[in-house]
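Trainee: Protein sequence lines correspond, in order, to chains A and B. Quick note: the first sequence uses the numbering used here, first residue 8, plus one each step. Quick note: the second sequence uses the numbering used here, first residue 8, plus one each step.
Protein chains: 2
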Amino acid sequence: MALCCYASASAQQQDEKIIKSISDEILMNGTAYDNLRYLCKKIGPRLSGSANAANAIAATVKMLKQAGADTVYLQPCMVTHWERGSKEVAFAYLPGNQKRHLNICALGNTVATALAGVKAQVVEVKSMEALHELGIAGLKNKIVFINIPMDPRYIETFIAYSESGIGRRSGPAQAAKYGAKAVIVRSLASNIDQFPHTGATQYNDSFPKIAAVAVSTADAEWLSAQLVKYPATEIFLKTNCKLFADKPSFNVIGEMWGTEMPEQIVSVGGHLDSWDLAEGAQDDGAGCVQSIEIIRCFKKLNLRPKRTIRAVLFMNEENGSKGGIAYAHHAEITKEQHIFALESDAGGFTPRGFSLQMNESQVAKVKSWAPLFYKYGVYHFVEGHAGSDVGHLRKLGTALAGLMPDSQRYFDLHHAANDVFEAVSKRELLLGAINMAAMVWLVSEYGL
Amino acid sequence: MALCCYASASAQQQDEKIIKSISDEILMNGTAYDNLRYLCKKIGPRLSGSANAANAIAATVKMLKQAGADTVYLQPCMVTHWERGSKEVAFAYLPGNQKRHLNICALGNTVATALAGVKAQVVEVKSMEALHELGIAGLKNKIVFINIPMDPRYIETFIAYSESGIGRRSGPAQAAKYGAKAVIVRSLASNIDQFPHTGATQYNDSFPKIAAVAVSTADAEWLSAQLVKYPATEIFLKTNCKLFADKPSFNVIGEMWGTEMPEQIVSVGGHLDSWDLAEGAQDDGAGCVQSIEIIRCFKKLNLRPKRTIRAVLFMNEENGSKGGIAYAHHAEITKEQHIFALESDAGGFTPRGFSLQMNESQVAKVKSWAPLFYKYGVYHFVEGHAGSDVGHLRKLGTALAGLMPDSQRYFDLHHAANDVFEAVSKRELLLGAINMAAMVWLVSEYGL
Numbered sequence: 008m009a010l011c012c013y014a015s016a017s018a019q020q021q022d023e024k025i026i027k028s029i030s031d032e033i034l035m036n037g038t039a040y041d042n043l044r045y046l047c048k049k050i051g052p053r054l055s056g057s058a059n060a061a062n063a064i065a066a067t068v069k070m071l072k073q074a075g076a077d078t079v080y081l082q083p084c085m086v087t088h089w090e091r092g093s094k095e096v097a098f099a100y101l102p103g104n105q106k107r108h109l110n111i112c113a114l115g116n117t118v119a120t121a122l123a124g125v126k127a128q129v130v131e132v133k134s135m136e137a138l139h140e141l142g143i144a145g146l147k148n149k150i151v152f153i154n155i156p157m158d159p160r161y162i163e164t165f166i167a168y169s170e171s172g173i174g175r176r177s178g179p180a181q182a183a184k185y186g187a188k189a190v191i192v193r194s195l196a197s198n199i200d201q202f203p204h205t206g207a208t209q210y211n212d213s214f215p216k217i218a219a220v221a222v223s224t225a226d227a228e229w230l231s232a233q234l235v236k237y238p239a240t241e242i243f244l245k246t247n248c249k250l251f252a253d254k255p256s257f258n259v260i261g262e263m264w265g266t267e268m269p270e271q272i273v274s275v276g277g278h279l280d281s282w283d284l285a286e287g288a289q290d291d292g293a294g295c296v297q298s299i300e301i302i303r304c305f306k307k308l309n310l311r312p313k314r315t316i317r318a319v320l321f322m323n324e325e326n327g328s329k330g331g332i333a334y335a336h337h338a339e340i341t342k343e344q345h346i347f348a349l350e351s352d353a354g355g356f357t358p359r360g361f362s363l364q365m366n367e368s369q370v371a372k373v374k375s376w377a378p379l380f381y382k383y384g385v386y387h388f389v390e391g392h393a394g395s396d397v398g399h400l401r402k403l404g405t406a407l408a409g410l411m412p413d414s415q416r417y418f419d420l421h422h423a424a425n426d427v428f429e430a431v432s433k434r435e436l437l438l439g440a441i442n443m444a445a446m447v448w449l450v451s452e453y454g455l
Numbered sequence: 008m009a010l011c012c013y014a015s016a017s018a019q020q021q022d023e024k025i026i027k028s029i030s031d032e033i034l035m036n037g038t039a040y041d042n043l044r045y046l047c048k049k050i051g052p053r054l055s056g057s058a059n060a061a062n063a064i065a066a067t068v069k070m071l072k073q074a075g076a077d078t079v080y081l082q083p084c085m086v087t088h089w090e091r092g093s094k095e096v097a098f099a100y101l102p103g104n105q106k107r108h109l110n111i112c113a114l115g116n117t118v119a120t121a122l123a124g125v126k127a128q129v130v131e132v133k134s135m136e137a138l139h140e141l142g143i144a145g146l147k148n149k150i151v152f153i154n155i156p157m158d159p160r161y162i163e164t165f166i167a168y169s170e171s172g173i174g175r176r177s178g179p180a181q182a183a184k185y186g187a188k189a190v191i192v193r194s195l196a197s198n199i200d201q202f203p204h205t206g207a208t209q210y211n212d213s214f215p216k217i218a219a220v221a222v223s224t225a226d227a228e229w230l231s232a233q234l235v236k237y238p239a240t241e242i243f244l245k246t247n248c249k250l251f252a253d254k255p256s257f258n259v260i261g262e263m264w265g266t267e268m269p270e271q272i273v274s275v276g277g278h279l280d281s282w283d284l285a286e287g288a289q290d291d292g293a294g295c296v297q298s299i300e301i302i303r304c305f306k307k308l309n310l311r312p313k314r315t316i317r318a319v320l321f322m323n324e325e326n327g328s329k330g331g332i333a334y335a336h337h338a339e340i341t342k343e344q345h346i347f348a349l350e351s352d353a354g355g356f357t358p359r360g361f362s363l364q365m366n367e368s369q370v371a372k373v374k375s376w377a378p379l380f381y382k383y384g385v386y387h388f389v390e391g392h393a394g395s396d397v398g399h400l401r402k403l404g405t406a407l408a409g410l411m412p413d414s415q416r417y418f419d420l421h422h423a424a425n426d427v428f429e430a431v432s433k434r435e436l437l438l439g440a441i442n443m444a445a446m447v448w449l450v451s452e453y454g455l
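1) I want to verify the contact list: residues of chain B whose CB lies under 8 Å from the CB of T357/A, in sequence order.
2) Check distances from the C-beta atoms of the segment 197 to 225 of chain B to those of chain A and list, in chain order, the residues that come in under 8 Å.
3) According to DSSP, is T224/A helix, strand or coil?
4) Could you have a look at R44/B and say whether DSSP puts it in helix, strand or coil?
5) Flag this pair as yes or no: are the beta carbons of T38/B and E267/B separated by less than 8 Å?
6) Which residues does DSSP pair with H278/A in a beta bridge?
7) Which of the three DSSP states is assigned to Q415/B in this structure?
8) Residues in the segment 11 to 42 of chain B with C-beta within 8 Å of chain A's C-beta atoms, listed in sequence order?
9) Compare the C-alpha of T78/B against each of L437/B, F347/B, G145/B, G261/B and name the closest.
10) For the beta strand (DSSP E) that W89/B lies in, which residues bound it at each end?
11) In or out: A333/A buried (at least 16 other Cβ within 10 Å) or exposed?
12) State whether the segment 81 to 100 of chain B contacts the segment 302 to 310 of chain B, with contact taken as three or more CB pairs (one from each stretch) at a distance under 8 Å.
13) For L438/B, decide whether its Cβ has a neighbour in chain A, counting only Cβ atoms nearer than 8 Å.
14) Output, in chain order, the set of chain A residues within a Cβ distance shorter than 7 Å of P159/B.
15) Whose Cβ in chain B lies nearer than 8 Å to the Cβ of S432/A?
16) Check whether chain B comes within 8 Å of I162/A, counting only Cβ atoms and requiring the distance to be less than that.
17) Just to confirm the assignment: which complete beta strand (DSSP E) runs, minimum length 3, are found wholly within the segment 344 to 430 of chain B?
18) Any C-beta of chain B within less than 7 Å: which residues of the segment 371 to 397 of chain A qualify?
19) Please state the DSSP three-state secondary structure of I199/B.
20) Of all the CB atoms in chain B, is at least one closer than 8 Å to the CB of E300/A?
21) Name the chain B residues whose beta carbon is nearer than 9 Å to that of E435/A?
22) Terminal residues of the continuous alpha helix (DSSP H) containing Y334/B?
23) For the putative contact between V192/A and V68/A, defined by C-beta atoms under 8 Å, what is the C-beta separation to the nearest angstrom?
24) In the structure shown, what three-state DSSP assignment does V192/B receive?
25) Do E286/B and V52/B come within 8 Å of each other at the CB atom, strictly closer than that value?
26) Taking 8 Å as the cut-off, decide whether the C-beta atoms of G206/A and H278/A are in contact.
27) Using 8 Å for Cβ pairs, my map puts K216/A next to K188/A. What's the rounded Cβ distance?
28) Comparing C-alpha positions only, which one of V118/B, L122/B, L410/B sits nearest to F380/B?
29) Classify Y80/B as buried or exposed, calling it buried when 16 or more other Cβ atoms lie within 10 Å of its own Cβ.
30) Taking three-plus beta-carbon pairs below 8 Å as touching, is the segment 392 to 403 of chain A in contact with the segment 354 to 370 of chain A?
31) Helix, strand or coil: which one does DSSP assign to I26/B?
32) When the Cα atoms are used, what is the spatial distance from S414/B to T164/B?
33) Excluding five sequence neighbours on each side, which residues of the same chain lie with their C-beta closer than 7 Å to the C-beta of S177/B?
34) Whole angstroms are fine: how far does the CA of D158/B sit from the CA of L407/B?
35) In terms of DSSP beta bridges, what is M446/B paired with?
Structure, rendered in structure tokens:
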């Protein structure tokens, strides 16, 4: 296949050889899986501002040093500090004075219910349009149950997530506008099970802040059926979460200095924070350990990049994005030259492609390298969103890309307690690191 | 993208529309996952000749009828009948009169040890060349430990399986030639854990038949390290398996009759038998329920194929291939016109491509359809082996193809007790069925 941007066939052959050596090294000696086990099993959930998040910072500093980074340092940032408090409680009242427990969890950054909890009749809506139609007359003093399943027909599950996610993202604020007492959102999950999936919601300062929870998809199905039979069903909810003042924390950075243009920076990263309910294995321990793996592999193979490569483990992606904001802000005020930033925040599944957020000529250049990736399973080079952490660099003109892993299993466990180390395949994780390393290497060699 | 073989752009648009309707139907209403749960959890392991295999035949007949096949019938075949007997035992003798248990299982179709078991010094070989070098002098009266790991550097794990598999396939026969008492083969697995992976081995009638087992990869690593420290380590082995006379069984077949050329047959299938250690979820319950799903989907959408479509659930793939042989034999003697046969026997993982075993012009025709598959994640159309069941049709000139799912996780569980329903992703399984259905539809419309 033609590689239009190559100066010569021998350059192409040389790159093929280097990428093969990267692949062999990572598949034979990669430490990403062991590092992920440590993050998941020895540290565990690491929500911004928590003691675990601080432990994860210390642990990944050590990992980056062991990987052989030329320098490892912490970049300060203030982060959102929200705590779930003790386990939430919810039940539905059944006819005959019986109660049925519901599997729920508070949405991130939400306020708690009153100490005594909240009890009210529940009203189901299946779209945001239906919510607006009911308005004050239908929702005042009610608990609103927003039941918008992910549409299974999208092959790419992120599209379904984005579409159905409107209920979680803005449902609580909109229900509050109409006087609702609380909101229950169907978990954004592609399967039916009993895990509630958390995630951030965004209040609107013009309306009251009301408690908001996610309910498992299995219980959402049950509740919906129940409401057909007993439309007057009441629910009791109690959440115990609290948003505190922002707290100091850090992004973790490890660098390999460029040999020819060290001032030009190629960033590659994931986010170190995770939701408090899970080990954050796929979201996004995977992206962190893959980024560290690139440094380890280059060092081991004595591959010295022309440009500086930075592994960046962003803090606070889940409920504030303040690590990403701080990284871009620091780049801006220090006038660093960020030529490219790659993010892995869609899970450590088999990689399928890259989502490119850059100008037309840069897209063409990246696509000219595509044949180098085919034998490593990556063939899909499309324009699109790169990632929420690196996204803040876009205003500096940085070319961005996001790794696109296979998306079929991601929303079975995203933001839920089953996002654990065991849900990650070692080979899939390493294959992602290989393709990320190849992309980082090519950009560091040829620029964009 | 150009579709060279299309008569018109409108034909292409029509096919895109049909495939989209197939995809939507399967993702919304597919029953393959529920059928797989039944096969795995209500029936379980179903080795040829077992009561479970008979139950699986009855259950899938029912599934095919419920799917709406025009006819469902059983095709008789004689199958290999091997039984493991009671659980095998193995331990290594440690210095100081201690014993360490080893996780092993007998290889398929092997003979048992003597009733009292076998005890001997163990000799490790890391290649078949090393085994031949040791010869009689090194192996006589020994237990041979064939420790050939799967090479992690192959991106496509089936290549590593095929390469390292020589130890399991022919190691026991070759060791017997040199007077070995028994053979322990490192499990063909891509990960390190405590599950032994079984699989068939092939004795050579010129040499004695000796007991042969697989040991878990974790215990293989332990044993190898142990032998460095204590080269005189002895092992005790006892297996209780037995090969009986062949037994009558059946392939299960469900048909949708073609509307225009019903005499031309398009087969699509997987194998219904599984090893006795596992639920046979990925190997190959997946291929069976996917094949049934195609019939269900076409029926539901009222898609009437021009040619006859047959879902074929082959018996005895694992330790005899006698279902596949009987199917081809029946086709030959009845002079059926088998124009195409597709097999899904590489797991119900996200589909990535098709392996085409057909002549050049047929390959070109299939490749001309490739763009119809891209949005369903399938882009890889290569010439290669289609599958061991449909393979027997090749001598009749039938064009063959094999679904190529993502192969990264397959050998973590292939032929081992962790090949269970829970290891299958519903969306991945259904996505395989969608691409199989699309291929079957296109061939039934246009021929090859």
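Note that beta-carbon positions come from the ideal geometry of N, C-alpha and C, so glycine has one too.
Mentor: According to the structure shown:
1) T357, D413, Q415
2) S197, N198
3) helix
4) helix
5) no
6) F321/A
7) coil
8) S30, D31, L34, M35
9) G261/B
10) 78 to 90
11) buried
12) no
13) yes
14) L34, M35
15) Q415, R416, D419
16) yes
17) 344 to 350, 358 to 364, 387 to 390, 406 to 412
18) K382, Y383, G384, Y386
19) coil
20) no
21) D413, Q415, R416
22) 329 to 340
23) Wrong, their Cβ atoms sit about 37 Å apart, outside the cutoff.
24) strand
25) The identity of residue 52/B in the sequence shown is Pro, whereas the question assumes Val. Yes, the Cβ-Cβ distance between P52/B and E286/B is below 8 Å.
26) no
27) Not quite, the Cβ-Cβ distance comes to about 12 Å (not below 8 Å), so this is no contact.
28) L410/B
29) exposed
30) yes
31) helix
32) 6 Å
33) Q209
34) 28 Å
35) DSSP output for M446/B lists no bridge partner at all.
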